[in-house]
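I have placed the structure first, in the form of structure tokens, so that the comments after it can refer back to it.
2 protein chains.
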Amino acid sequence: MSQRLAFSPSEVLLLGPGPSPLSPAVRAAMSAPLLGHLDVEFLELMDRVQADLRVLFATKNRFTLPISGTGSAGMEAMLTNLVEPGDRIVIGIHGVFGGRMAELARRLDAEVVEVHAEFGEAVAPEAMAEAIAAGDTRLVAIVHAETSTGVMQPLPEIVAAAKRAGALMLLDCVTSLGGAEVDLDALGIDAAFSGTQKCLSVTPGLAPLSLSEAALRKAADREHPIRSWYLDANLLAAYWNGDRVYHHTAPVAMIYALAAGLDEALGEGHRPRFDRHRRAAQALYRGLEALGLSCLVDPELRTPMLSSVLVPDGIDEVAVRRDLRQRYQIEIGGGLGSLQGRVWRIGLMGHGARLTSVLRVIGALGGTLSELGYGCDTSAALVAAAGRE
Amino acid sequence: MSQRLAFSPSEVLLLGPGPSPLSPAVRAAMSAPLLGHLDVEFLELMDRVQADLRVLFATKNRFTLPISGTGSAGMEAMLTNLVEPGDRIVIGIHGVFGGRMAELARRLDAEVVEVHAEFGEAVAPEAMAEAIAAGDTRLVAIVHAETSTGVMQPLPEIVAAAKRAGALMLLDCVTSLGGAEVDLDALGIDAAFSGTQKCLSVTPGLAPLSLSEAALRKAADREHPIRSWYLDANLLAAYWNGDRVYHHTAPVAMIYALAAGLDEALGEGHRPRFDRHRRAAQALYRGLEALGLSCLVDPELRTPMLSSVLVPDGIDEVAVRRDLRQRYQIEIGGGLGSLQGRVWRIGLMGHGARLTSVLRVIGALGGTLSELGYGCDTSAALVAAAGRE
Numbered sequence: 006m007s008q009r010l011a012f013s014p015s016e017v018l019l020l021g022p023g024p025s026p027l028s029p030a031v032r033a034a035m036s037a038p039l040l041g042h043l044d045v046e047f048l049e050l051m052d053r054v055q056a057d058l059r060v061l062f063a064t065k066n067r068f069t070l071p072i073s074g075t076g077s078a079g080m081e082a083m084l085t086n087l088v089e090p091g092d093r094i095v096i097g098i099h100g101v102f103g104g105r106m107a108e109l110a111r112r113l114d115a116e117v118v119e120v121h122a123e124f125g126e127a128v129a130p131e132a133m134a135e136a137i138a139a140g141d142t143r144l145v146a147i148v149h150a151e152t153s154t155g156v157m158q159p160l161p162e163i164v165a166a167a168k169r170a171g172a173l174m175l176l177d178c179v180t181s182l183g184g185a186e187v188d189l190d191a192l193g194i195d196a197a198f199s200g201t202q203k204c205l206s207v208t209p210g211l212a213p214l215s216l217s218e219a220a221l222r223k224a225a226d227r228e229h230p231i232r233s234w235y236l237d238a239n240l241l242a243a244y245w246n247g248d249r250v251y252h253h254t255a256p257v258a259m260i261y262a263l264a265a266g267l268d269e270a271l272g273e274g275h276r277p278r279f280d281r282h283r284r285a286a287q288a289l290y291r292g293l294e295a296l297g298l299s300c301l302v303d304p305e306l307r308t309p310m311l312s313s314v315l316v317p318d319g320i321d322e323v324a325v326r327r328d329l330r331q332r333y334q335i336e337i338g339g340g341l342g343s344l345q346g347r348v349w350r351i352g353l354m355g356h357g358a359r360l361t362s363v364l365r366v367i368g369a370l371g372g373t374l375s376e377l378g379y380g381c382d383t384s385a386a387l388v389a390a391a392g393r394e
Numbered sequence: 006m007s008q009r010l011a012f013s014p015s016e017v018l019l020l021g022p023g024p025s026p027l028s029p030a031v032r033a034a035m036s037a038p039l040l041g042h043l044d045v046e047f048l049e050l051m052d053r054v055q056a057d058l059r060v061l062f063a064t065k066n067r068f069t070l071p072i073s074g075t076g077s078a079g080m081e082a083m084l085t086n087l088v089e090p091g092d093r094i095v096i097g098i099h100g101v102f103g104g105r106m107a108e109l110a111r112r113l114d115a116e117v118v119e120v121h122a123e124f125g126e127a128v129a130p131e132a133m134a135e136a137i138a139a140g141d142t143r144l145v146a147i148v149h150a151e152t153s154t155g156v157m158q159p160l161p162e163i164v165a166a167a168k169r170a171g172a173l174m175l176l177d178c179v180t181s182l183g184g185a186e187v188d189l190d191a192l193g194i195d196a197a198f199s200g201t202q203k204c205l206s207v208t209p210g211l212a213p214l215s216l217s218e219a220a221l222r223k224a225a226d227r228e229h230p231i232r233s234w235y236l237d238a239n240l241l242a243a244y245w246n247g248d249r250v251y252h253h254t255a256p257v258a259m260i261y262a263l264a265a266g267l268d269e270a271l272g273e274g275h276r277p278r279f280d281r282h283r284r285a286a287q288a289l290y291r292g293l294e295a296l297g298l299s300c301l302v303d304p305e306l307r308t309p310m311l312s313s314v315l316v317p318d319g320i321d322e323v324a325v326r327r328d329l330r331q332r333y334q335i336e337i338g339g340g341l342g343s344l345q346g347r348v349w350r351i352g353l354m355g356h357g358a359r360l361t362s363v364l365r366v367i368g369a370l371g372g373t374l375s376e377l378g379y380g381c382d383t384s385a386a387l388v389a390a391a392g393r394e
């Protein structure tokens, strides 16, 4: 038996669009002793995770559980269950992830109506309402916190328009859940999906979902079969809530990590946690401003957990990210889609949403930009970020 | 901030149908520092994992990678990419998992031809050849090591029939990969999927896949769109092999664990590892026989990594499993489908395929069965299992 050198990753501060930094408790949970996926202790943990997710989503929905795939699998689970061929669905698109929903819906033979906003802006509620009322709309879908831009989409008018039309309302909460208010029942959301690697600070690999009774009825009473067996909500419900019918081998260690992340989130409490995300974002804005940098998004539309920062003229954005990663051991994100090359994306999510993270990234940006000939006062920026906390 | 009691699982020896026991190295890998999914160190690890999986599958297929879901997602990825509406596909069914493939293929509007064997037997190659030749067959699918029965399916005649028909050959290697010979290129397999939680002894959550060039052409040149975005092989190839186009957030910690499991598997070497699985199975057979217990499957068709043991008349099989779990801290599996209540399933997979596991489970079975009034000599069974090693 020959020995191979084990992979030993660097310790990088994850301040990109996700994954976010893990807490020590979540890291430890990943390597707890493995149980079988039908073990009685594991079944109890599944119940606990479901109850905790209901608190996090602020919902009574009995179908509230993590599926065994990343956030994109969560999106796919929602559309695959809720869209039938020929269904008219209206999708608000204010970034890459709304566009992805539209692409998948077309693959499922839906009649897709797209309502667009410029990247960096929110979708206009009136435009959504008009599109929803213009036909027999079955489903309305939009992204809450657009990870590609950092825009928080206002929702009440859009949900009201969906309700008037008798359509189901689907919300992408990948980046908002755990970092800002996501009150499914109060908002009137029928279907929501998220990911674990953003504001929950759990390793990527699971997608928390929630479906209302109306959404479950749609999944149960379809004319056409659900095109997936793995993501079929009826089968998932039987494993998680029903007779514990074996469906697939749950990713046990990932569920441990999610349980630990939920312990931390619910232990901290919604309000303190969301306030912490807002305070971290305010510190970042102060530091960026003092460096002479601007955010893409207007202040009232910004997501606290993700900020798109405009790249100054003449600066090679890739070189900055490379330097941050290699010398400062910090990851930030680049732009996606039409924003590629135009913005950096700085995430302050979950365990990473704290002043220490802000000071490290402001210091690193100031140092790197100075070296590239961009005139800025890093000392002043650090004082600005820290000072008024 | 209130504190919640962290979940603390029991240490259970996993000798069921999977998940299997983790080695210390794999457990440690899960909690290594998290990297971003586009980080340069992580991209290098992805290359290493792909190269290692090619060795394990004994293939040159460039598309050989783990998808971000469990083994069932691997099955779904294969059929979703390779089956178009109206395609005639022939599926050999000798257990629960073949039946699952047929169900999914029907959801994808395929014309499904099922060729059945009794649970506990292999599918007859002549029956498969006849079904394949009876129409314009596009795909032939069968399970290699049936996890629900413990039968290893003979393959060469079936593959030959598929080739004669110009059909693609799909193999479910969930339970065989890493514990027995799976030589994709030598066998002529076009598409294969597996899971990490069986003979690789990695936590459940990933499905290694491999696609030949012919299979990739089918996925690329379809008349109907692939009904999935998450599992679209064309998009996955662009992230894993192409321009590293962002597709979804890879389950980073799971990939670490897989890399560690592959280090161990390739460090040990194919032949010694497969021999170890066979020796462990032989020890189990000796111990079971000495306890007066019989296996469901004829010796020449048995999988070494999973054994279906017939429950003696008058014994409550659930009570036995409960006692093994609660007092001996050992998990074994019950029967699935038509074998429910009739068999136990004992897995000796990956890190669990060793004499120590056999001695623990034989001792525990002997003790529990004696207590239930079943006459057996546990001492003799332990000596039989251990003695002739």
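Which chain is which? The protein sequence lines are A and B, in order.
Note that the working numbering has the first sequence beginning at 6, numbered continuously upward.
Note that the working numbering has the second sequence beginning at 6, numbered continuously upward.
Quick reminder that beta carbons are idealized off the backbone N, C-alpha and C, glycines included.
Answer yes or no: do Gly210(B) and Pro256(A) have a C-beta to C-beta separation smaller than 8 Å?
Here residue 210(B) corresponds to residue number 205 of the second sequence, with the count starting at 1. Here residue 256(A) corresponds to residue number 251 of the first sequence, with the count starting at 1. For Gly210(B) and Pro256(A), yes; Cβs fall inside 8 Å.
For Ile96(A), would you say it is in contact with chain B, using Cβ-to-Cβ distances shorter than 8 Å as the test?
Taking the first sequence and counting its residues from 1, one reaches residue 96(A) at position 91. No, because no Cβ of chain B sits closer than 8 Å to the Cβ of Ile96(A).
Identify the residues that DSSP records as bridge partners of Val314(B): which are they?
For the purposes of this step, residue 314(B) is taken as residue 309 along the second sequence, with counting starting at 1. In the DSSP output, where bridge partners are listed per residue, Val314(B) has Cys300(B) and Trp349(B).
Indicate the three-state DSSP secondary structure (helix, strand or coil) for Gly357(B) in the structure shown.
Within the second sequence, residue 357(B) is the residue found at index 352, counting from 1. The answer is helix: DSSP assigns Gly357(B) an H, G or I state.
Buried or exposed for Leu19(B), please, with buried defined as at least 16 other CB atoms from any protein chain shown within 10 angstroms of its CB.
One-based indexing of the second sequence puts residue 19(B) at position 14. Buried, because 16 or more other Cβ atoms sit within 10 Å of the Cβ of Leu19(B).
Give the secondary structure of Ser375(B) by DSSP, where H, G and I count as helix, E and B as strand, and everything else as coil.
The sequence position of residue 375(B) within the second sequence is 370, counting from 1. Correct three-state label for Ser375(B): helix.
Given a cut-off of 8 Å on the beta-carbon distance, is the pair Gly100(A) and Val164(A) in contact?
Locating residue 100(A) in the first sequence gives position 95, where the first residue counts as 1. Locating residue 164(A) in the first sequence gives position 159, where the first residue counts as 1. Not in contact: Gly100(A) and Val164(A) (Cβ atoms no closer than 8 Å).
In the DSSP output, which residue or residues are listed as bridge partners for Ile98(A)?
Working through the first sequence from its first residue, we reach residue 98(A) at position 93. Ile98(A) is bridged to His121(A).
Kindly confirm or deny that the region 38–49 of chain B and the region 264–276 of chain B touch, where touching means at least three C-beta pairs closer than 8 Å.
no
Using 8 Å as the limit for Cβ to Cβ distance, is Glu394(B) near chain A?
Here residue 394(B) refers to the residue found at position 389 when the second sequence is read from its first residue. Interpretation of Glu394(B) is limited by its pLDDT of 46, a score under 50 that renders its predicted location unreliable; no figure is taken from the coordinates.
According to DSSP, which residues form a beta bridge with Glu305(B)?
The residue given as residue 305(B) occupies position 300 in the second sequence. For Glu305(B), which the question treats as bridged, DSSP gives no partner whatsoever.
Tell me where the alpha helix (DSSP H) around Ile260(A) begins and ends.
For the purposes of this step, residue 260(A) is taken as the residue at position 255 of the first sequence. Val257 to Glu273 is the span of the alpha helix (DSSP H), which, as asked, contains Ile260(A).
For Glu269(B), tell me which candidate among Pro213(B), Ala243(B), Ser206(B) and Leu293(B) has the shortest Cα-Cα distance.
By 1-based counting over the second sequence, the position of residue 269(B) is 264. Closest option to Glu269(B), Cα to Cα, is Ser206(B).
When the Cα atoms are used, what is the spatial distance from Leu329(A) to Leu377(A)?
For the purposes of this step, residue 329(A) is taken as residue 324 along the first sequence, with counting starting at 1. For the purposes of this step, residue 377(A) is taken as residue 372 along the first sequence, with counting starting at 1. Their backbone Cα atoms lie some 13 Å apart in a straight line.
Between which two residues does the beta strand (DSSP E) harbouring Thr64(B) extend?
Numbered from its first residue, the second sequence carries residue 64(B) at position 59. Careful: Thr64(B) lies outside any beta strand (DSSP E) and carries neither H nor E.
Helix, strand or coil at Gly103(A) according to DSSP, with G and I counted as helix
Along the first sequence, read from residue 1 onward, the residue named residue 103(A) stands at position 98. In the structure shown, Gly103(A) sits in a helix (DSSP, three-state: H, G or I).
If the cut-off is 8 Å on Cβ atoms, which residues from the region 268–290 of chain A count as contacting chain B, listed in chain order?
Asp268, Leu271, Gly272, Glu273, Gly274 and Pro277
In its own chain, which residues sit with a C-beta less than 6 Å from the C-beta of Arg291(B), not counting the 5 before and 5 after it?
Along the second sequence, read from residue 1 onward, the residue named residue 291(B) stands at position 286. Within the same chain, Arg291(B) has close Cβ partners Ala389 and Ala390.
Which complete alpha helix (DSSP H) runs does the region 162–216 of chain B hold, if anything under 4 residues is left out?
189–192
List the residues that DSSP assigns as beta-bridge partners of Pro90(A).
For the purposes of this step, residue 90(A) is identified with residue 85 of the first sequence, where counting begins at 1. Looking at the DSSP assignment, Pro90(A) forms no beta bridge with any residue, so it has no partner.
Strictly below 8 Å CB to CB, what residues from chain B border Ile231(A)?
The count along the first sequence starts at 1 and reaches residue 231(A) at position 226. The contacting residues are Arg112.
Reduced DSSP category for Glu116(B) - H, G, I as helix; E, B as strand; rest coil
In the second sequence, residue 116(B) corresponds to position 111, counting from 1. In the structure shown, Glu116(B) sits in a strand (DSSP, three-state: E or B).
Is the CB-CB distance between Met259(B) and Ser25(B) below 8 Å?
For the purposes of this step, residue 259(B) is taken as the residue at position 254 of the second sequence. For the purposes of this step, residue 25(B) is taken as the residue at position 20 of the second sequence. No. Outside cutoff.
Measuring alpha carbon to alpha carbon, tell me which of Asp114(A), Gly103(A), Ser313(A) and Ser199(A) ends up nearest Leu58(A).
Reading the first sequence from its first residue, position 53 is the one you call residue 58(A). Looking at the Cα atoms, Ser199(A) is the closest of the given residues.
Exposed unless 16 or more other CB atoms sit within 10 angstroms - verdict on Glu131(B)
Here residue 131(B) is taken as the residue at index 126 of the second sequence, counted from 1. With fewer than 16 other Cβ atoms within 10 Å, it is exposed.
State buried or exposed for Val60(A), treating a residue as buried only when at least 16 other CB atoms are found within 10 Å of its CB.
Against the first sequence, residue 60(A) aligns to sequence position 55. It is exposed - the Cβ of Val60(A) has fewer than 16 other Cβ atoms within 10 Å.
Counting along the chain, where does the alpha helix (DSSP H) carrying Thr383(A) start and finish?
For the purposes of this step, residue 383(A) is taken as residue 378 along the first sequence, with counting starting at 1. Counting along the chain, the alpha helix (DSSP H) containing Thr383(A) begins and ends at Thr383 to Gly392.
When the cut-off is 8 Å and only beta carbons count, does Trp234(A) lie next to chain B?
As a position in the first sequence, residue 234(A) is number 229, starting the count at 1. Trp234(A) counts as touching chain B.
My understanding is that Leu315(A) touches Leu301(A), with C-beta atoms under 8 Å, so please give their C-beta distance in whole angstroms.
Looking up residue 315(A) in the first sequence gives position 310. Looking up residue 301(A) in the first sequence gives position 296. About 6 Å separates the two Cβ atoms, so the contact holds.
Report yes or no: do three or more beta-carbon pairs, one from the region 62–82 of chain A and one from the region 74–84 of chain B, lie closer than 8 Å?
yes
If you draw a straight line from the alpha carbon of Val17(A) to that of Ile335(A), how long is it in whole angstroms?
The count along the first sequence starts at 1 and reaches residue 17(A) at position 12. The count along the first sequence starts at 1 and reaches residue 335(A) at position 330. C-alpha separation (whole angstroms): 5 Å.
Looking at the unbroken alpha helix (DSSP H) that takes in Leu241(B), where does it start and where does it end?
Your numbering for residue 241(B) matches position 236 in the second sequence. Ala238 to Trp245 is the span of the alpha helix (DSSP H), which, as asked, contains Leu241(B).
For the region 12–51 of chain B, which segments carrying the alpha helix (DSSP H) assignment without a break, of at least 4 residues, lie completely within its bounds, in sequence order?
29–35
Assigned exposure category for Gln55(A) - 16 Cβ within 10 Å defines buried:
For the purposes of this step, residue 55(A) is taken as the residue at position 50 of the first sequence. So Gln55(A) counts as buried.
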